[in-house]
């Protein structure tokens, strides 16, 4: 029997923000609470009110009593979307043109929010809002997160309270969560499920908030339905029979419902099944059963999210706040076609020791009726549902209707600023702030137009520009060069599924639009366009060592076996040269030097030469072992030196070490047999061909 899954926030005191814009109680009452709900890796057609067969009664209720957008856009990938949504800027302007996994050594692609942007929480705090977040952050760098550098965590970017994860993905049953600025581990007693924990923390925020003192802003960023495929058995069981029809039949059924509800015109055309996907009827019974389970678990993940949204709506209702709350629901990118399989078991059953995805086969269903997926800027990669629910602010005659104009994530900030009667700053905390790029959606709430203009995209060389009914787009696979000759032109009014390229019919329009995109790309620093694979970018970044410990121990591996006791910490007293220095204290020596170590792993190639140096000292005379060796082959040493340390700083340098074999190598400071305390700083790494 499944126990009720819950999460209770600690009874800490919430600091109420002082609104710089002032205003009396009547003015505060005029401003709505604002809740932005972001699903993760959920396709355009998955929820019921966009044609899906997944049971989403609460999301559907938001649509029935609010507005749905036929065409609303995200940024094709998690980090860029989250940066754009939070800041009202294009991702590159906020420092997040790619992902949090690597700093590309360019400000537009640094992998974390810069200081030339403000978040919605920053802006609404100045207008007197209390700001909360529950769920997935993913706009601080992975290296900084690894080092617990909190500069870009939610509380440092405008939020009063936070519960969730700062990274990009997690096991749903076993989570290293962050509560405000402190990290902890979820209980391992069968009561924990992360989607419900995210919902429960949000309902706790809503129930404890004092609406007499300030309106509420809540950013609710689910990890559902991002891989891994993890769900509660009772939810999986609801869908085991539903997906036996297979993707071919279900795509047709979804599209028919989309036409019937008025989401698409009756003469619209369904894109063909992806050529990389076999016909459902060509699969064996065993293959079909495995795929049924993949989609059943995925559906159960969305179902669980919808259950939580229902509890959130009920909490608002219980507090008498549902009518005066502006709720916006959308997804961070199109359906995810990524192949993931890395669990302890390869079974597809949704349990915590598995780590699977639902594959391109079902992503093609989730994208209905569009082509392509997450990563790409065809409609299947960037189209998202947008549902807006605001009883006090939307003309009731418009309930359960569609907005025909398109919009973009950058419009969410403008809408929040407008609704919250806030002032978007030109400067914030002594930094110049890039102006808002979006337009408020509030005119749509009374049936007016915004006359939305140009909207731009670039992600991994996948580019697009929307201008009225016209769109240019090109698909660039990882590792391929960006090629302007592959740009296509579509009339989305006549051809919403991008089936008819008009480049040869109207080449002048395509060239004008590409020239406009090119000017934008030059202005915000897109060039040179990088199309390397995820792994290539990560490997390149690991060759840039965190040797001055600016990110504390970020990306350093600190190891201490049972036979030694070693304390690793960061000394900020300028003990050697920089503001941060690694401090290593051996409390109890190990039997072997390998019992405690600080190491840096990187990929090196045959024929390269490596030079490495560092500064170090100790509180007494002692020895430090330093090696360059192959990962998992410690006997294969390219360098093996014992360094004598004393209280005076010692400068150690090794030059032109030739690499004879491709592979992963590690620089290792073996400290287990040292005595006392040592400090290490200014680790320099130079790699040449």
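In this note's numbering, the protein residues as written are 342 to 1030.
Backbone N, C-alpha and C define an ideal beta-carbon position, used for all residues, glycine too.
Beta-bridge partners assigned by DSSP to residue 380: 672.
Runs of the beta strand (DSSP E) spanning 3 or more residues and lying entirely within the stretch 496-532 occur at 502-506, 517-520, 523-526, in chain order. Secondary structure note for residue 471: its beta strand (DSSP E) is the uninterrupted segment 471-477. Inter-residue distance for residue 381 and residue 416 is about 12 Å (C-alpha atoms, whole angstroms). Between the stretch 860-876 and the stretch 793-805, the count of C-beta pairs closer than 8 Å reaches three or more; the two stretches touch.
In the three-state reduction of the DSSP assignment, residue 482 falls in the coil class, being assigned neither a helical nor a strand state. Assignment of beta strand (DSSP E) within the stretch 946-1022, counting only whole runs of 3 or more residues, yields 950-959, 963-971, 974-986, 991-999, 1004-1011 in chain order. Annotation for residue 564: 381, 476, 477, 506, 510, 511, 513, 535, 536, 539 place their beta carbon closer than 8 Å to its own, counting only its chain and skipping 5 residues before and after.
Across the set 589, 558, 610, the C-alpha of 558 shows the shortest separation from the C-alpha of residue 466. According to DSSP, residue pairing for residue 409 in a beta bridge involves 728, 743. A straight-line Cα-Cα distance of about 57 Å links residue 971 and residue 730. For the stretch 380-464, the continuous alpha helix (DSSP H) assignments of 4+ residues that do not extend past its boundaries occur at 398-405, 419-428, in sequence order.
Out of 666, 757, 444, the CA that lies nearest to the CA of residue 428 is found in 757. Residue 567: not part of any alpha helix (DSSP H); DSSP gives it neither H nor E.
Closest in alpha carbon position to residue 772, among 455, 599, 651, is 455. If you draw a 10 Å sphere on the C-beta of residue 397, you find 16 or more other C-beta atoms in it, and that means buried. Judged by beta-carbon spacing, residue 674 lies beyond the 8 Å limit of residue 748, meaning their Cβ atoms are not closer than that value. Fewer than three beta-carbon pairs drawn from the stretch 920-933 and the stretch 943-954 are found closer than 8 Å, and the two stretches are therefore not classed as touching. With respect to residue 711, residue 781 sits apart: the two C-beta atoms are not nearer than 8 Å. With a minimum length of 4 residues, the unbroken runs of alpha helix (DSSP H) contained wholly in the stretch 580-649 fall at 587-601.
Of the other Cβ atoms in all chains shown, fewer than 16 fall within 10 Å of the Cβ of residue 826; this residue is therefore exposed.
Of 770, 867, 794, the smallest CA-CA separation from residue 451 is found for 867.
Secondary structure note for residue 800: it is in no alpha helix (DSSP H), and the uninterrupted beta strand (DSSP E) holding it is 796-800. A residue is called buried once 16 or more other Cβ atoms fall within 10 Å of its Cβ, and residue 776, having fewer, is exposed. Within the same chain, 706 come within 6 Å of residue 591 by CB-CB distance, once the 5 residues on both sides are set aside. When the Cα atoms are used, residue 695 and residue 682 turn out to be separated by approximately 8 Å. In the DSSP annotation of this structure, the continuous segment of the alpha helix (DSSP H) that includes residue 849 starts and ends at 848-865.
Secondary-structure assignment with DSSP links residue 907 through a beta bridge to 927.
Contact between the stretch 906-914 and the stretch 962-971 is absent, with fewer than three C-beta pairs closer than 8 Å. Residue 821 counts as exposed, since fewer than 16 other C-beta atoms from the protein chains shown sit within 10 angstroms of its C-beta. In this structure, the CA atom of residue 524 is about 24 Å from the CA atom of residue 937.
Residue environment analysis places residue 745 among the exposed positions, since fewer than 16 neighbouring C-beta atoms fall within 10 angstroms of its C-beta. Residue burial is scored here from C-beta neighbours: residue 849 has fewer than 16 other C-beta atoms within 10 angstroms and is therefore classed as exposed.
Comparing alpha-carbon positions, the option among 659, 961, 1003, 751 lying closest to residue 990 turns out to be 961.
Using a Cβ distance threshold of 8 Å, residue 480 and residue 441 count as a contacting pair.
A straight-line Cα-Cα distance of about 11 Å links residue 1002 and residue 977.
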